[in-house]
Amino acid sequence: MVCVNRRDLGLLALRVGTGAVLAAHGSQKLAGWFGGGGIQGTTAAMEAMGFHPPKHSAVAAGLGEAGGGVLLALGLATPAAGAAAAGAMAGAVAVHAPAGFFAQGGGYEYPAFLGFTAAAIGLTGPGRYSVDHVTCHIFDRPWMVALAFAGSAAAAVAVVGKRAKGRSDEPQEAGR
């Protein structure tokens, strides 16, 4: 009889669900899929929100979401994937923070949830049903967790810190 580990199944479901949402959201920014504005629309939104240079910010946000999401769903390079997605969501939280917590009013509830979930997966690990497990965790070493999250935090601080002081406090739908 095959023994199925509920923890690993739970991590699989969490990874695939979170990764798919992030990948879809990031693909709006990068490719204009699912009603998104693509790089051009996302660049314009980043500029309106005070991010400079806006195109670099658009690409970074899109790659953090789409790339991090795909890697999370696969369970590949899980610490880096979780850190990249969490970093992208930290930028979104900073943009939405002036509107308060709840999403109904344009607040940061949704990006905070995605960011914390991605970070938790990156810290916990992908579980047995993952590419990392099949490859003997070659891209999921303990030292990579600290490095990935430190790098992501530094990048998020640098990107958010570059926002123009006279920015609009109205959150923009980047890429839509």
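FYI, in our numbering the residues of the sequence shown are 18 to 193.
For every residue, glycine included, the Cβ atom is placed at its ideal position computed from N, Cα and C.
It should be emphasised that the depicted structure is a prediction, and the values quoted were computed from it without experimental measurement.
(1) Mapping the DSSP letters down to three states, classify Val112 as helix, strand or coil.
(2) Which term fits Ala78, buried or exposed, when burial requires 16 or more other beta carbons within 10 angstroms of its beta carbon?
(3) Work out the CA separation of Gly36 and Ala48 for me, nearest whole Å.
(4) Please classify Met66: does DSSP put it in a helix, a strand, or coil?
(5) Could you tell me if Ala175 is buried or exposed, where buried requires 16 or more neighbouring beta carbons within 10 angstroms of its beta carbon?
(6) With distance defined between alpha-carbon atoms, name the residue in Gly92, Ala101, Ala165, Tyr127 nearest to His150.
(7) Put Ile138 into one of helix, strand or coil per three-state DSSP.
(8) What are the complete alpha helix (DSSP H) segments, minimum 4 residues, inside the segment 28-66?
Well, looking at it:
(1) helix
(2) buried
(3) 17 Å
(4) coil
(5) exposed
(6) Gly92
(7) helix
(8) 55-65
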